[in-house]
Amino acid sequence: MGAAMRRIHVGNALSAFGLGFTVPYLYVYVAQVRDLGAVTAGLVLAVFAVAALVVLPFAGRAIVRRGPLPVLLTALVTAAFGALSLGLASSATTVLLSAAALGAGQAVMQPALATMIVDCSTAETRSRAFAMQFFLANLGLGIGGLIGGHLVDASRAGSFTLLFAIEAVMFLLLVVIMSTVRMPHAPKIEGSAPQAEGSWKQLLGNRAMVQLCVVGFVLFFACYGQFESGLSAYGVEAAGISTSALGTALAANTAMIVVAQFAVLKFVERRKRSRVIAAVGLIWAVAWLAAGYAGLGHGSRSMATAAFISTYALFGLGEAMLSPTVAPLVADLAPTGLAGQYNSAFALVKQLALAIGPAVGGPMGASLHAPYIVTFLLFSLGITFLAVRLGRQLTPVQNQPSLAKSRVVAQGGAPAEPFPANV
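The sequence shown begins at 782 in the numbering used here and counts up by one.
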């Protein structure tokens, strides 16, 4: 990795650390420590999603026009202000406004950092770069949550103020680090302003990108959108899983990602991306079957707990397969100069799925146990079906980047044959 990429990865790890540092404790902080009630606490979590949905359509255009680094620095300062304000807020209004600033800043960081990775990598190194990003993000989330949990005390509001102040300092430290990044010269597009304004129309005309967004929505809806809502409610209500076992399941998810990420990378690098995504759908279908056994079967409590933990571990395996596959594909589908727009569009789809997923899965997981499992089992199989369809819209090199290198070698530096342009 070059110096710029190393700093970008440090940025990814620190931003994830800050997120894991406070988000798990937001509900307790608002509802109990500030004594604003469960309704306000729920609204704070909703504001995070709404803020992301509001700012992401504009973030893509800003990245295209100004570049990812200025947009990232602005997002970091906004998030730092939101974090510090949230730690000092005492009324419902100030809590909600602070949460909106923090949520908006964190949402814009994702496509900005992703675009910086695209600009600092090549087609050959991009999968490994995004795998490293995902690895460090999960490591940062886990460490942040662990340290934050040892610092907070629900009986002392000052411990939460300290927590949010440290998060703000982390974001400002990240501003200093990222300010030293020297980005490579990004290709410019002629008439960037009118093209940026029309880039949404151009994106919607890209059938492969539209299908990838559909696949992405189902991926995030059926997996990430259920982790802390429907699946955890199902585990407690249907399977009788204890809170300690639920924590173990979440740890198993992170552990699987950390252990398997680079071993999986070697497996997926020379395989078609559409087939990798299709395989993830099948793996997650098995995960939902394991969850069904945990809650609907008639095994012992220990067997149910083991099956439930294996569900989260299988989800982690699928996530490790997706990290070097989906994000690089978004970058490869983006026309020259519009990677920021495409990354923002995909981040918007992700946020939409993460907003709808808990709203649908939470009530189902808590009370409609069998329909819940069947529904998300079918969604997982739907991922496989959609991935196979997506493969038909991709050029051979988009679907399997290793082909480009092998064909260049075989032909002494020239491609064996031209590939059709993406529609």
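Quick reminder that beta carbons are idealized off the backbone N, C-alpha and C, glycines included.
Backbone secondary structure at residue i - three-state DSSP
i, result
"H931", "helix"
"F1008", "coil"
"V962", "coil"
"A833", "helix"
"D900", "helix"
"V1189", "Confidence at V1189 is low in this model, with a pLDDT of 42, below 50, so the placement of that residue should be treated as unreliable; the coordinate-derived value is given next. If DSSP states are grouped into helix, strand and coil, V1189 belongs with the helices."
"N987", "coil"
"E948", "helix"
"P1152", "helix"
"G848", "coil"
"T1117", "coil"
"Q1181", "coil"
"L1167", "helix"
"L878", "helix"
"G823", "helix"
"Q891", "helix"
"L1175", "coil"
"S1023", "coil"
"T859", "helix"
"L817", "coil"
"T1106", "coil"
"E1018", "helix"
"A1044", "helix"
"R1051", "coil"
"S872", "coil"
"R937", "coil"
"T1029", "helix"
"E971", "Interpretation of E971 is limited by its pLDDT of 41, a score under 50 that renders its predicted location unreliable; no figure is taken from the coordinates."
"T1035", "helix"
"T942", "helix"
Among the options, nearest to residue i - alpha-carbon criterion
i, options, result
"A830", "M1145, L985, V933 and V1130", "V1130"
"R1170", "I1058, I1137, A1108 and A1072", "I1058"
"T1156", "R1052, L1135, V999 and S1104", "V999"
"S872", "D816, M913, T903 and Q1122", "D816"
"L1110", "A910, L920, N1180 and A1020", "N1180"
"F1043", "A910, L850, I1090 and L877", "A910"
"A1036", "A1019, S960, S1083 and L1098", "L1098"
"F1166", "S879, G1062, V1107 and S940", "G1062"
"T1117", "L1135, V899, Y1005 and Q887", "V899"
"Q1174", "L1103, L1162, A989 and G848", "A989"
"G921", "L927, F798 and G1011", "F798"
"G823", "H1150, L1149, G1163 and A1136", "A1136"
"A881", "F1089, V820 and V828", "V828"
"M897", "A1134, I1090, G886 and A1112", "A1112"
"G1016", "V1049, A1075 and I958", "A1075"
"G783", "R907, A819 and G884", "R907"
Close beta carbons around residue i, own chain, < 7 Å, minus the five adjacent residues each side
i, result
"F945", "T803, A864, L865, L867 and G868"
"V809", "A935"
"A785", "C901, V962, R963 and M964"
"A1168", "V996, S1055, I1058, A1059 and G1062"
"A1151", "L1077"
Beta-carbon contacts of residue i that lie in its chain and below 8 Å, excluding the five residues immediately before and after
i, result
"V956", "L854, L857, V858 and A861"
"L943", "G868 and L932"
"F1160", "V999, F1002 and A1003"
"R788", "I958, M959, T961 and V962"
Cβ-Cβ separation, residue j to residue i (assumed contact under 8 Å), whole Å
i, j, result
"A1100", "I1038", "The question names Ala, but residue 1100 is Glu in the sequence shown. Correct: roughly 6 Å between the Cβ atoms."
"V889", "A812", "No, V889 and A812 are not in contact; Cβ-Cβ is about 27 Å, not under 8 Å."
"V825", "L807", "6 Å"
"L767", "H790", "There is simply no residue 767 to check, as the chain begins at 782 and stops at 1204 in what is shown."
"T1092", "A1071", "5 Å"
"K1053", "G1172", "6 Å"
"G1138", "Q1007", "6 Å"
"A1108", "N1034", "Contact doesn't hold; Cβ gap of about 19 Å is too wide."
"G884", "S1010", "G884 to S1010, Cβ: 17 Å. No contact."
"N987", "L1114", "6 Å"
"G1073", "I1154", "4 Å"
Interface flag, residue i vs chain B, CB-CB below 9 Å
i, result
"I789", "Within the model displayed, chain B is absent; a lone protein chain is all it includes."
Boundaries of the alpha helix (DSSP H) in which residue i is found, first to last residue
i, result
"Y1074", "R1054 to L1077"
"R788", "A784 to T803"
"Y1093", "R1082 to L1103"
Sequence-distant residues of the same chain with beta carbon closer than 6 Å to residue i, five excluded per side
i, result
"S1125", "L837, A840, G841 and P892"
"A1026", "T1086"
"A938", "V814"
"L795", "M951 and L955"
Near the ligand SAH: residue i beta-carbon under 8 Å from a heavy atom
i, result
"A1041", "Of ligands this structure carries none, so the ligand SAH is not represented either."
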